[in-house]
Amino acid sequence: MTYPKMILFDYGHTLLYEPGFDTLRGEEALMKYVKSNKNNLSAKEINDFAQRLHSEIGASREIGLEMHQWQFQRFLYEYLEIELSIPMPEAERIFWDNTSYGDIMPGADKMIDYINSRNIRSAVISNITFSGAALTERINRLLPNNKFEFIIASSDYMFRKPNRYIFELALKKAGLNASEVWFCGDNTVADIEGAANAGIFPVWYEDLTCENLWNKKYAGVLPKCEHLHIHHWSELIDILENRFPNNRQR
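Each residue of the sequence shown is one higher than the last, beginning at 10 in the numbering used here.
Written as structure tokens, this is what we have:
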């Protein structure tokens, strides 16, 4: 384990989380922008069909490929013969903000301030269907002091973690070797084993205070690789501060 020149972060339940996540609320918020609704479908009927589509598409995501929210919404509304009065990027933002406005994982803001103060570079890799633009807007709104050099959303790049291509893409964008980078995330397979397989040192961030809706299938699954295991971002600060005393004045 060497002092990192850069730390890459997962998004969901690592930097931010989405309390009260409810896609029906997102569909309800879009109803006022419906220009035509040939079949007079309710928000609940639209949401029920959307959830069925998500479950059917899930197989492709399980093998490491991603869909984009704009593709999904375009198919959803055209298939249901619904026309919106707003462009897709705006529909995406309204849907997501009303599904959950988002919040900061405990101590994430202080941790970001710390790594900035130590000139440790940072960036994000997220498995997410929402666009990179929407993800960047959300991260910047909730973590305004971040200095992320780039934010990679799997929706924009086709591949999902743990596929090594998406980690290698981040290394190329950073201009660094894998040995110079750490990756922090909550998913023991996609984040921890995925990073390790790309030669990046993984930090398993296992918060036990905020409900994690997207990680339940991995409950009890331990990483099969060398890693750090922390439960709060203050632990990462302590490790960087105390295990690497020669780097304190960087």
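Cβ atoms here follow ideal geometry from the backbone N, Cα and C, with glycine treated the same way.
Here the structure is a predicted model, which means the values were calculated and not measured.
Cβ-based burial, residue i [other Cβ within 10 Å; buried from 16]
i      : result
His2   : Limits of the chain in this structure are 10 at one end and 259 at the other, which puts residue 2 out of reach.
Ala228 : exposed
Lys181 : exposed
Thr218 : exposed
Thr32  : buried
Ile160 : buried
Val230 : exposed
Tyr110 : exposed
Arg147 : buried
Ala199 : buried
Gly73  : buried
Ala68  : exposed
Tyr88  : exposed
Phe42  : The sequence given here has Tyr at residue 42, not Phe. Exposed, by the Cβ-count rule.
Asn154 : exposed
Gln78  : buried
Gly35  : buried
Glu202 : buried
Continuous alpha helix (DSSP H) stretch holding residue i: start and end
i      : result
Asn206 : 203–206
Met97  : 97–108
Phe168 : Counting along the chain, Phe168 falls outside any alpha helix (DSSP H), and DSSP gives it neither H nor E.
Ile248 : 242–251
Leu20  : The residue asked about is misnamed: residue 20 is Tyr in this sequence, not Leu. Unbroken run through Tyr20: none, as it is neither H nor E.
Phe84  : 78–88
Ala38  : 32–39
Residue range of the beta strand (DSSP E) that includes residue i
i      : result
Ser188 : Here Ser188 belongs to no beta strand (DSSP E), and DSSP marks it neither H nor E.
Leu93  : 91–93
Leu237 : 237–239
Ser51  : Run containing Ser51: none; DSSP gives neither H nor E here.
Tyr12  : Neither: Tyr12 is in no beta strand (DSSP E) and is coded neither H nor E.
Pro211 : 210–214
Beta carbon of residue i nearer than 9 angstroms to that of residue j
i      : j      : result
Asp19  : Ser135 : yes
Trp242 : Ala132 : no
Asp165 : Glu27  : no
Thr138 : Glu75  : yes
Asp195 : His63  : no
Ile248 : Lys119 : no
Ile129 : Pro13  : yes
Leu93  : Lys44  : yes
Ala143 : Arg102 : yes
Ala204 : Phe192 : yes
Gln82  : Phe104 : yes
Met15  : Val190 : yes
Leu25  : Leu152 : yes
Ser140 : Pro98  : yes
Asn125 : Lys156 : yes
Asn107 : Ala59  : no
C-beta neighbour in chain B for residue i, strict 9 angstroms
i     : result
Lys41 : The structure shown contains no chain B; it holds only a single protein chain.
Checklist entry - Which parts of the segment 126–156 are runs of the beta strand (DSSP E), unbroken and 3 residues or longer, counting only runs that do not cross its ends? => result 130–135
Item to check | Meets three-Cβ-pair contact criterion under 8 angstroms: the segment 231–239 and the segment 199–213 | outcome: yes
Checklist entry - Does the segment 165–175 come close enough to the segment 47–61 that 3 or more CB-CB pairs lie under 8 angstroms? => result no
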